[in-house]
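Student: These protein sequence lines are chains W and U, in that order.
With this note's numbering as the guide, the letters of the first sequence map in order to residues 8 to 365.
With this note's numbering as the guide, the letters of the second sequence map in order to residues 8 to 365.
After the structure tokens below, expect a handful of questions from me.
2 protein chains.
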Amino acid sequence: MVAELHPVNGSAHAPRKPAAVGDPVDRIETPALLVDLATLERNIMRMAAGARATGVALRPHAKSHKSATIARMQVAAGAVGVCCQKVAEAEAMARGGIADIYVSNQVVAPQKLARLARVAAQARVMLAFDSAEGVDAAGCACRSAGTQIDALVELDLGDERAGVPAGDPTVVLARRIANTDGLHFAGLQAYKSTAQHSPTAAERKRLALEAASMVQSARMALANARLECRVVSGGGTGSWRYDAESRAYNEVQPGSYVFMDAYYSRISDESGGAFHEFENALFLLASVTSVPAASRALVDEHGRLRWPAGGMGLRIDERIWLVPGNCDPTVNLHDWLVGVRDGRVEQVWAVDARGPGF
Amino acid sequence: MVAELHPVNGSAHAPRKPAAVGDPVDRIETPALLVDLATLERNIMRMAAGARATGVALRPHAKSHKSATIARMQVAAGAVGVCCQKVAEAEAMARGGIADIYVSNQVVAPQKLARLARVAAQARVMLAFDSAEGVDAAGCACRSAGTQIDALVELDLGDERAGVPAGDPTVVLARRIANTDGLHFAGLQAYKSTAQHSPTAAERKRLALEAASMVQSARMALANARLECRVVSGGGTGSWRYDAESRAYNEVQPGSYVFMDAYYSRISDESGGAFHEFENALFLLASVTSVPAASRALVDEHGRLRWPAGGMGLRIDERIWLVPGNCDPTVNLHDWLVGVRDGRVEQVWAVDARGPGF
Numbered sequence: 008m009v010a011e012l013h014p015v016n017g018s019a020h021a022p023r024k025p026a027a028v029g030d031p032v033d034r035i036e037t038p039a040l041l042v043d044l045a046t047l048e049r050n051i052m053r054m055a056a057g058a059r060a061t062g063v064a065l066r067p068h069a070k071s072h073k074s075a076t077i078a079r080m081q082v083a084a085g086a087v088g089v090c091c092q093k094v095a096e097a098e099a100m101a102r103g104g105i106a107d108i109y110v111s112n113q114v115v116a117p118q119k120l121a122r123l124a125r126v127a128a129q130a131r132v133m134l135a136f137d138s139a140e141g142v143d144a145a146g147c148a149c150r151s152a153g154t155q156i157d158a159l160v161e162l163d164l165g166d167e168r169a170g171v172p173a174g175d176p177t178v179v180l181a182r183r184i185a186n187t188d189g190l191h192f193a194g195l196q197a198y199k200s201t202a203q204h205s206p207t208a209a210e211r212k213r214l215a216l217e218a219a220s221m222v223q224s225a226r227m228a229l230a231n232a233r234l235e236c237r238v239v240s241g242g243g244t245g246s247w248r249y250d251a252e253s254r255a256y257n258e259v260q261p262g263s264y265v266f267m268d269a270y271y272s273r274i275s276d277e278s279g280g281a282f283h284e285f286e287n288a289l290f291l292l293a294s295v296t297s298v299p300a301a302s303r304a305l306v307d308e309h310g311r312l313r314w315p316a317g318g319m320g321l322r323i324d325e326r327i328w329l330v331p332g333n334c335d336p337t338v339n340l341h342d343w344l345v346g347v348r349d350g351r352v353e354q355v356w357a358v359d360a361r362g363p364g365f
Numbered sequence: 008m009v010a011e012l013h014p015v016n017g018s019a020h021a022p023r024k025p026a027a028v029g030d031p032v033d034r035i036e037t038p039a040l041l042v043d044l045a046t047l048e049r050n051i052m053r054m055a056a057g058a059r060a061t062g063v064a065l066r067p068h069a070k071s072h073k074s075a076t077i078a079r080m081q082v083a084a085g086a087v088g089v090c091c092q093k094v095a096e097a098e099a100m101a102r103g104g105i106a107d108i109y110v111s112n113q114v115v116a117p118q119k120l121a122r123l124a125r126v127a128a129q130a131r132v133m134l135a136f137d138s139a140e141g142v143d144a145a146g147c148a149c150r151s152a153g154t155q156i157d158a159l160v161e162l163d164l165g166d167e168r169a170g171v172p173a174g175d176p177t178v179v180l181a182r183r184i185a186n187t188d189g190l191h192f193a194g195l196q197a198y199k200s201t202a203q204h205s206p207t208a209a210e211r212k213r214l215a216l217e218a219a220s221m222v223q224s225a226r227m228a229l230a231n232a233r234l235e236c237r238v239v240s241g242g243g244t245g246s247w248r249y250d251a252e253s254r255a256y257n258e259v260q261p262g263s264y265v266f267m268d269a270y271y272s273r274i275s276d277e278s279g280g281a282f283h284e285f286e287n288a289l290f291l292l293a294s295v296t297s298v299p300a301a302s303r304a305l306v307d308e309h310g311r312l313r314w315p316a317g318g319m320g321l322r323i324d325e326r327i328w329l330v331p332g333n334c335d336p337t338v339n340l341h342d343w344l345v346g347v348r349d350g351r352v353e354q355v356w357a358v359d360a361r362g363p364g365f
């Protein structure tokens with residue numbers, strides 16, 4: 008009778024799956040994250056084709072899905088590898104067979120760098136840098152592990168994020184990398200965060216081109232210092248086309264395109280209509296637990312819903328598909344992605360890189 | 008060399024621990040959630056003493072810590088049991104040996120009710136109701152499992168949450184419960200959410216007493232209908248004292264007191280000073296990964312910090328202790344709670360009930 012109440016035995020419990028392969032969609036336990044597989048596949052193909060057409064390499068950001076399986080689908084469609092934001096994500100991608108992994112973030116702690124240097128024994132690893140301390144610590148970790156990491160200098164594009172200014176500081180840091188055993192200077196990281204979600208296409212383009220001109224000046228400074236800049240990586244779902252067309256980048260790193268979300272639904276395209284280059288593929292399946300009044304309900308993902316008086320009501324235990332506001336943190340709350348097609352569960356994928364990621 | 012990169016084998020990976028028992032605090036991997044054990048113990052004892060002094064039973068809400076170990080500490084200090092918000096939390100608490108578990112929320116799906124009815128084979132289980140559909144489904148689940156659930160009617164206290172109005176609808180639903188085999192009518196659930204975080208003590212008290220008078224009228228209606236109301240449960244960290252003193256409740260269910268957070272630090276006590284009945288026991292340990300300018304830094308929990316020009320700076324890889332804004336969702340992002348005392352790791356507890364909780 009209590010067979011499901013297995014003992015905890017000192018480790019975090021193995022999370023239950025909300026569904027099994029072959030289940031009809033209406034048997035999935037809620038709340039669950041559903042992936043519409045046909046839409047996912049279209050998004051993956053469309054982005055790969057777009058990158059090919061504009062002549063840039065595609066390196067999707069895996070923080071949006073945290074799934075090695077989806078990363079493999081992206082690589083199969085033509086991506087050169089993936090971006091990650093944390094060492095734990097990079098480890099999960101390497102375990103899942105991804106051969107080219109870029110941690111597009113600063114990693115400076117010796118313990119974490121030691122782990123990343125070990126990942127470099129089975130995959131090509133790139134890492135972003137904005138400090139001499141980070142360069143020295145990463146070099147040390149690589150020499151200890153007997154591996155090499157490709158190092159990009161991250162540019163400060165004026166958004167109050169990480170990075171060094173595009174002039175002399177870039178050259179100084181690149182030279183320090185070039186002089187550090189265990190590291191190979193590979194190029195530049197340049198992500199213009201404000202260009203992703205600005206509501207109008209014109210504003211996103213303006214911000215992206217402003218960033219591109221800073222990237223171009225950094226490339227020129229490196230060329231004058233005879234430091235070869237093989238990779239220039241940046242861009243996101245909202246700016247990737249402008250980044251690619253600017254010719255300042257040779258690699259784009261969009262993440263959200265794979266699932267899309269309500270946040271991106273609010274931006275517009277060049278005609279002023281909704282941005283519909285990609286489609287919503289991620290849904291939170293929830294059930295109504297309470298209908299305390301004629302125009303509102305509560306669901307089991309702790310949400311409140313309202314509708315206009317006289318509008319369509321909801322019944323107790325009715326299921327609803329919600330579009331997440333922002334796919335990245337939503338995925339990070341879940342242990343499983345339930346892939347559905349034609350009303351049935353076709354896949355149950357682990358969110359391999361979920362968690363705080365120390 | 009790649010020994011840590013174990014294969015995924017189809018299930019979600021077992022999360023790594025950020026520290027081991029006995030480690031000095033400065034060896035904990037970041038980001039990690041730290042619990043100051045001495046402060047935790049003081050909070051637990053202080054709340055238990057306060058409930059005893061005011062003559063109400065204490066049933067702490069476990070969604071704040073999601074740890075069966077901390078729940079056992081609360082019970083050892085005098086709590087009658089715990090509250091949960093989801094069936095998965097109730098299962099985790101039952102696995103951890105808690106004998107009296109109240110799901111202070113609506114559960115209406117047959118699959119979930121079947122699981123909760125199984126929990127009732129090893130623990131006393133209470134559940135809140137606000138619909139006839141929920142009552143009928145729960146009765147069916149209990150009859151199938153051969154167990155019994157104690158049922159509370161949830162009151163709508165005007166905050167646009169769940170619940171039924173305090174008059175006739177309460178009596179009608181209580182009577183339906185009393186007439187349902189498998190359920191036992193036990194009393195009322197009444198949680199006044201707006202009374203928890205209102206900035207002044209006077210406003211929290213006013214809202215709590217407004218709710219208490221609705222509770223009293225519901226109790227009277229039930230008494231007139233000869234429906235015995237053995238449990239009246241409600242209250243939270245910000246209102247518990249007013250709830251207890253109102254005599255409308257005989258059980259309080261505060262959760263956040265165990266850890267406290269920045270959200271509760273912003274409210275004031277009756278003298279107008281800071282609310283300091285309980286102390287911050289939960290900290291997010293993070294490391295600085297980038298110091299791109301003289302007055303700002305980035306940390307490995309994806310946070311940005313600023314300080315006034317000329318103020319104390321931060322160094323690359325320096326560790327900082329952050330106070331979470333809201334303890335409940337912060338805990339839900341982590342797999343482990345690292346208990347520290349006198350500069351050493353004394354405990355590493357699993358967040359037993361983390362996750363979407365279907």
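Glycine residues also receive a C-beta, built at the ideal position from the N, C-alpha and C atoms.
Does the pairing of the stretch 240-255 of chain U with the stretch 45-52 of chain U give three or more beta-carbon distances under 8 Å?
Tutor: no
Student: Looking at chain W, which residues of the stretch 162-182 of chain U have a Cβ within less than 8 Å of any of its Cβ atoms?
Tutor: 163, 167, 168, 169, 170, 171
Student: Quick one: any contact between the stretch 256-275 of chain U and the stretch 329-340 of chain U, if contact means 3 or more CB pairs under 8 Å?
Tutor: yes
Student: Quick one: measure Cβ to Cβ for residue 342(U) and residue 326(U), integer angstroms, because I've assumed they're closer than 8 Å.
Tutor: Rounded, the Cβ-Cβ distance is 20 Å, inconsistent with contact.
Student: Under 7 Å between beta-carbons, which chain W residues line up against residue 323(U)? List them in chain order, please.
Tutor: 115, 138, 140, 141
Student: Buried or exposed for residue 206(W), going by 16 or more other Cβ atoms inside 10 Å?
Tutor: exposed
Student: Can you give the Cα-Cα distance for residue 323(U) and residue 141(W), rounded to whole angstroms?
Tutor: 8 Å
Student: Considering residue 162(W), what are the terminal residues of the beta strand (DSSP E) in which it resides?
Tutor: Bounds of any beta strand (DSSP E) do not take in residue 162(W), whose DSSP letter is neither H nor E.
Student: Could you tell me whether the stretch 151-162 of chain U touches the stretch 195-205 of chain U, using the rule of 3 or more Cβ pairs below 8 Å?
Tutor: yes
Student: Less than 7 Å between C-beta atoms, sequence neighbours within five positions excluded: which residues of the same chain meet that for residue 306(W)?
Tutor: 293, 294, 295, 296, 312, 327
Student: What's the gap between the Cα of residue 130(U) and the Cα of residue 177(U)?
Tutor: 27 Å
Student: Can we say the stretch 27-47 of chain U touches the stretch 347-362 of chain U, given the rule of at least three CB pairs closer than 8 Å?
Tutor: yes
Student: Within 8 Å of any Cβ in chain U, is that where the Cβ of residue 121(W) sits?
Tutor: Interface criterion not met: the Cβ of residue 121(W) is under 8 Å from no Cβ in chain U.
Student: Drop a sphere of 10 angstroms on the beta-carbon of residue 315(U), count the other beta-carbons inside from all chains shown, and report buried for 16 or more, exposed for fewer.
Tutor: exposed
Student: Return no unless some Cβ of chain U is closer than 8 Å to the Cβ of residue 362(W).
Tutor: yes
Student: Please list the segments of the beta strand (DSSP E) lying wholly inside the stretch 114-161 of chain W, counting only runs of 3 or more residues, in order along the chain.
Tutor: 131-136, 156-161
Student: By the DSSP assignment, the beta strand (DSSP E) with residue 62(W) in it spans what residues?
Tutor: No beta strand (DSSP E) contains residue 62(W), which DSSP labels as neither H nor E.
Student: Here's the rule I'm using: 16 or more other beta-carbon atoms within 10 Å means buried, otherwise exposed. How should residue 233(W) be labelled?
Tutor: Exposed, since its Cβ has fewer than 16 Cβ neighbours within 10 Å.
Student: For residue 96(W) versus residue 73(W), is the C-beta distance shorter than 8 Å?
Tutor: The Cβ-Cβ distance between residue 96(W) and residue 73(W) falls below 8 Å.
Student: Quick one: residues in its chain with C-beta nearer than 6 Å to the C-beta of residue 148(U), no 5 flanking neighbours on either side, listed in chain order?
Tutor: Only 120, 121, 124 meet the Cβ criterion.
Student: Pull the bridge partners of residue 241(U) from the DSSP assignment, please.
Tutor: 197(U), 259(U)
Student: How big is the Cα-Cα spacing for residue 85(U) and residue 69(U)?
Tutor: 15 Å
Student: Have a look at 253(U), 275(U), 88(U) and flag the residue whose alpha-carbon is nearest the alpha-carbon of residue 262(U).
Tutor: 88(U)
Student: Within 10 angstroms of its Cβ, does residue 103(U) collect 16 or more other Cβ (buried), or is it exposed?
Tutor: buried
Student: Could you tell me the boundaries of the beta strand (DSSP E) in which residue 354(U) lies?
Tutor: 351-357
Student: Would you mind reading off the limits of the alpha helix (DSSP H) that contains residue 184(W)?
Tutor: 175-185
Student: Would you identify the three-state DSSP class for residue 333(W), choosing helix, strand or coil?
Tutor: coil
Student: Could you please give the first and the last residue of the uninterrupted beta strand (DSSP E) stretch that includes residue 43(W)?
Tutor: 39-43
Student: For residue 320(W), I'd like the list of residues in its chain whose CB is within less than 6 Å of its CB, leaving aside the five on either flank, ordered along the chain.
Tutor: none
Student: At the 8 Å Cβ level, is residue 341(U) part of the contact set with chain W, yes or no?
Tutor: yes
Student: Tell whether a beta-carbon distance below 8 Å holds between residue 67(U) and residue 91(U).
Tutor: no
Student: Considering residue 97(U), what are the terminal residues of the alpha helix (DSSP H) in which it resides?
Tutor: Run containing residue 97(U): 94-102, per the alpha helix (DSSP H) assignment.
Student: Which chain U residues are close to residue 261(W), counting only those with a beta carbon under 7 Å from its beta carbon?
Tutor: Under the 7 Å cutoff, chain U gives no residues; its nearest Cβ is about 19 Å from residue 261(W).
Student: In three-state DSSP terms, what is residue 207(U)?
Tutor: Assigned with DSSP and collapsed to three states, residue 207(U) falls in coil, not helix or strand.
Student: Do residue 22(U) and residue 36(U) have their CB atoms nearer than 8 Å?
Tutor: no
Student: Please report how far the alpha carbon of residue 106(W) lies from the alpha carbon of residue 80(W), in whole angstroms.
Tutor: Near 13 Å, if we compare the C-alpha coordinates of residue 80(W) and residue 106(W).
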